[in-house]
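**Q** Each residue of the sequence shown is one higher than the last, beginning at -3 in my numbering. The C-beta atom is built at its ideal place from N, Cα and C for all residues, glycine as well. These figures come from a predicted structure and were not determined experimentally. One structure coming up, written as C-alpha cells, with questions to follow.
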Amino acid sequence: MKEFDKEALRRALANAVEHEGHADAKSVVGKLIATQPELKSKAKRLVQIVEKVVREVNKLSLGEQQAKLHELGGMESPKRVERRGLPELPDIDKYSRVVTRFAPNPNGPLHIGHVRAAFLSYEYAHKYGGKFILRFEDTNPANAMLEMYDKIRGDLRWLGIDWDEEYVQSDRLEIYYKYVEDLLKAGSAYVCTCDVMKFRRLRDRSKPCPCRGLSANEQLKRWRAMLEG
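Written out as C-alpha cells, the structure reads:
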C-alpha cells in the first residue's frame, strides 16, 4: 500500500472511531492537509482518494475499525501544552506603563465574578510592574450601601489584593461635571429633554433627537438648569 493511502486510511479510521463508526471525508481531508500542506495543490485528487477510503471504512463495524486502526499504529494523541501564569497582553510593548483597575459598585458584597476580575487586574499590574487602582462606582446614591466600602476593602485584602490608588467616584463629581461642560462647549454632547417614549420611537427609526441640533450655549443652559434641579 502506498504511504499516502496508508495515512489516508489511518486518518479515516481514527475519524470513524472518534465518531461512533462513521468517518467524514471532509474532516479527513482537512486533517491530511493540516499535517501535509503540500497536498493542497492536489486537493481534487486527494478528495477522490479519501472519499473512496471513507466509503470502505464506513462499511466496517466499530470494532473492526478499532482493530484495523490498532494494526496501523493508531493515532498519536495531541500533546497537551501546560501553561502557567497569565498570557501576555497584546501590543504590550506599545505602552510605557500598565495601569489596571477594579471598579466595584458598593451595593453588596463581592461575588466570584468580582473576585476573578479583581485578581486579573491586580495580577496583570503586578506582572508588568504597573499600577492597580481600586475605584468605587457609586454615582447612583440609591444603590450604594455605606458599610460595603470597608467590607469590599477588607475582602480584597483578605484575598491578598492590595491597590496603589483608590478613587470614590461620588467624591469626584465636580471633575466629571467639568469634562461634561467641555464636551457640551465643543458640540460633542447634548442634553436631551425628550419624553422617553418619543426618544425610543426616534431611536427605533434611526432618527436623530431634535435636542442634538441645539446650539452649544443652549446645551450649557440646559445642563446648568439640570444641576440646579
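Per DSSP, what kind of secondary structure is Met(-3) in: helix, strand or coil?
**A** On the sequence shown, position 1 is the one that residue -3 refers to. With a pLDDT of 43 at Met(-3), under the threshold of 50, the modelled position of this residue cannot be trusted; read the value that follows with caution. The answer is coil: DSSP assigns Met(-3) none of H, G, I, E or B.
**Q** Between the region 142 to 154 and the region 119 to 129, do at least 3 Cβ pairs fall closer than 8 angstroms?
**A** No, the region 142 to 154 does not touch the region 119 to 129.
**Q** Figure out for me which residue from Ala114, Asp178, Val43 has the closest Cα to the Cα of Leu250.
**A** As displayed, the chain neither begins before -3 nor continues past 225, which places residue 250 out of reach and without an answer.
**Q** Taking the straight line between their C-alpha atoms, what separation do you get for Arg218 and Thr189?
**A** Along the sequence shown, read from residue 1 onward, the residue named residue 218 stands at position 222. Along the sequence shown, read from residue 1 onward, the residue named residue 189 stands at position 193. Roughly 9 angstroms separates the two Cα atoms.
**Q** Starting from the C-beta of Leu82, find all residues in its chain whose C-beta is less than 8 angstroms away, skip the five residues before and the five after it, and write them out in chain order.
**A** Residue mapping note: residue 82 aligns to position 86 of the sequence shown, counting from 1. Only Leu116, Glu119, Tyr120, Lys123 meet the Cβ criterion.
**Q** Measure from the alpha carbon of Met222 to the alpha carbon of each residue in Pro204, Tyr173, Thr135, then state which is nearest.
**A** The residue you call residue 222 lines up with position 226 of the sequence shown. Among Pro204, Tyr173, Thr135, the Cα nearest to that of Met222 is on Tyr173.
**Q** Please report how far the alpha carbon of Arg197 lies from the alpha carbon of Gly209, in whole angstroms.
**A** The residue given as residue 197 occupies position 201 in the sequence shown. The residue given as residue 209 occupies position 213 in the sequence shown. Straight-line Cα distance between these residues: approximately 18 angstroms.
**Q** Using only the alpha-carbon positions, how far apart do Met(-3) and Leu68 sit?
**A** The residue given as residue -3 occupies position 1 in the sequence shown. The residue given as residue 68 occupies position 72 in the sequence shown. Low per-residue confidence applies at Met(-3): pLDDT is 43, beneath 50, and the placement is therefore not dependable, though the value from the model is reported in the following sentence. Those two C-alpha atoms are separated by around 12 angstroms.
**Q** Taking the straight line between their C-alpha atoms, what separation do you get for Ala185 and Asp178?
**A** Here residue 185 corresponds to residue number 189 of the sequence shown, with the count starting at 1. Here residue 178 corresponds to residue number 182 of the sequence shown, with the count starting at 1. So the two alpha carbons sit approximately 9 angstroms from each other.
**Q** From Asp167 to Arg201, what distance separates their C-alpha atoms?
**A** Along the sequence shown, read from residue 1 onward, the residue named residue 167 stands at position 171. Along the sequence shown, read from residue 1 onward, the residue named residue 201 stands at position 205. Approximately 39 angstroms between the Cα atoms of the pair.
**Q** Taking the alpha-carbon of Ile129 as reference, which of Ile157, Leu106, Thr135 has the nearest alpha-carbon?
**A** Here residue 129 corresponds to residue number 133 of the sequence shown, with the count starting at 1. Nearest option by C-alpha distance: Ile157.
**Q** Below 8 angstroms between beta carbons: does that hold for Val192 and Gln215?
**A** Taking the sequence shown and counting its residues from 1, one reaches residue 192 at position 196. Taking the sequence shown and counting its residues from 1, one reaches residue 215 at position 219. It is not a contact, given that the beta carbons lie outside the stated cut-off.
**Q** Express the C-alpha separation of Gly109 and Ile171 in angstroms, rounding to a whole number.
**A** Sequence index remark: in the sequence shown, residue 171 carries index 175 (1-based). Sequence index remark: in the sequence shown, residue 109 carries index 113 (1-based). Rounded to whole angstroms, Ile171 to Gly109 spans 30 angstroms at the Cα level.
**Q** Quick one, are the C-beta atoms of Arg112 and Gln165 less than 8 angstroms apart?
**A** In the sequence shown, residue 112 corresponds to position 116, counting from 1. In the sequence shown, residue 165 corresponds to position 169, counting from 1. It is not a contact, given that the beta carbons lie outside the stated cut-off.
**Q** Along the chain, which unbroken stretches of the alpha helix (DSSP H) at least 4 residues long are found entirely within the region 136 to 203?
**A** Listed in chain order, they are 142 to 154, 169 to 181, 192 to 200.
**Q** Out of curiosity, what's the CA-to-CA distance linking Cys207 and Asp134?
**A** On the sequence shown, residue 207 is found 211 positions in, with the first residue counted as 1. On the sequence shown, residue 134 is found 138 positions in, with the first residue counted as 1. So the two alpha carbons sit approximately 28 angstroms from each other.
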